[in-house]
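Residues 1 to 255 (full-length UniProt numbering) make up the sequence shown, in order. Taking it in order: structure first as structure tokens, then the write-up.
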Amino acid sequence: MEERLQKILANAGVASRRKCEELITSGKVTVNGKVVTELGVKADPASDTITVSGKPIKKEAKIYILFNKPKGVITSVSDPKGRSVVTDYLKEVKERLYPVGRLDYDSEGLLLLTNDGDLAHKLTHPSHHVPKTYHATVERVPHGNALEKLQKGIKLEDGMTAPAEVEYHDIDPDGKYATIAITIHEGRNRQVRRMFDAIHHPVTRLKRITFGGLHLNNLQRGKHRKLTAAELKMLQESVAGIAVSGQESTTEVED
Numbered sequence: 001m002e003e004r005l006q007k008i009l010a011n012a013g014v015a016s017r018r019k020c021e022e023l024i025t026s027g028k029v030t031v032n033g034k035v036v037t038e039l040g041v042k043a044d045p046a047s048d049t050i051t052v053s054g055k056p057i058k059k060e061a062k063i064y065i066l067f068n069k070p071k072g073v074i075t076s077v078s079d080p081k082g083r084s085v086v087t088d089y090l091k092e093v094k095e096r097l098y099p100v101g102r103l104d105y106d107s108e109g110l111l112l113l114t115n116d117g118d119l120a121h122k123l124t125h126p127s128h129h130v131p132k133t134y135h136a137t138v139e140r141v142p143h144g145n146a147l148e149k150l151q152k153g154i155k156l157e158d159g160m161t162a163p164a165e166v167e168y169h170d171i172d173p174d175g176k177y178a179t180i181a182i183t184i185h186e187g188r189n190r191q192v193r194r195m196f197d198a199i200h201h202p203v204t205r206l207k208r209i210t211f212g213g214l215h216l217n218n219l220q221r222g223k224h225r226k227l228t229a230a231e232l233k234m235l236q237e238s239v240a241g242i243a244v245s246g247q248e249s250t251t252e253v254e255d
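Have a look at this one:
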């Protein structure tokens, strides 16, 4: 069965869908010995010989990992500066893994990694607003009317945010800090931090505890586990109606 070449590469675990598109346009992919540089080309992975940088692709078993990312770790598979990356914590996993979305260097918590490029693409597609819940520890205790601004949507330099779900999680008796549970449905760059900056309560610690229907629960920092069959089915069903051939997905840089 013929499919778009970038989808075949992503499903084979070569890289994310967007990175696969870059590999194609840079002339590093061949189909039956012919260099392909156009994104609309289709191929049949069962009968066509497809190579990337001269190496034939191979189909890997799909793997889905839930990881509790520590603070001070890059959400990437490599870093030119030699800093710690998320895959440093999954060295026993033989399959190539790629993060779904992002958590920034100073944030921690739930991160999904997989070699299923099709699912990753759909989960970060603009038409699928995956709910993400964070525990944001902020300076001082925001009053209820400040949190109401976040609930209704607040103006940032890149536009109004969508309404957020916000509630107190923990309050310091001396009023020096508060931890707020906030659920957003977007993936803008440093969004949660910028939202709290906008109400003058800077974030001092940020931890993501849910992504879609996945929950961090008691998974220890720096540890990982495979998704259960029920969790995987839930994710697949949540994106079942998304067509990915038209609008591009976005690389979410979340916090």
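Backbone N, C-alpha and C fix where the C-beta goes; we use that ideal spot for every residue, glycine too.
VAL100 and VAL85 do not touch by the CB rule: their CB atoms are close to 15 Å apart, not below 8 Å. DSSP links GLY109 through a beta bridge to LYS69 and ARG208. Listed in chain order, the alpha helix (DSSP H) elements of length 4 or more contained wholly in the UniProt domain "RNA-binding S4" (3-62) are 5-11 and 17-25.
DSSP places ALA136 in the strand class (E or B) of the three-state scheme. Judged by their CB atoms, THR87 and ARG208 are not nearer to each other than the 9 Å cut-off. Contact between GLY117 and SER16 is confirmed by a C-beta separation of about 6 Å, below the 8 Å threshold.
Your pair LYS58 and ARG4 does not check out as a contact, with CB atoms roughly 19 Å apart and the cut at 8 Å. Secondary structure at LEU103: strand, using DSSP grouped into helix, strand and coil. Here the alpha carbon of VAL239 sits roughly 8 Å from the alpha carbon of LEU119. When the beta-carbon positions are compared, LEU66 and LEU123 stay at least 9 Å from each other.
THR228 is bridged by DSSP to nothing; it lacks a bridge partner. Unbroken beta strand (DSSP E) runs of no fewer than 3 residues, entirely contained in the region 129-179, are found at 132-139 and 165-171, following chain order.
In this structure, VAL138 lies away from TYR105, with their beta-carbon atoms at least 9 Å apart.
A direct Cα-Cα distance of roughly 49 Å separates MET160 from SER47.
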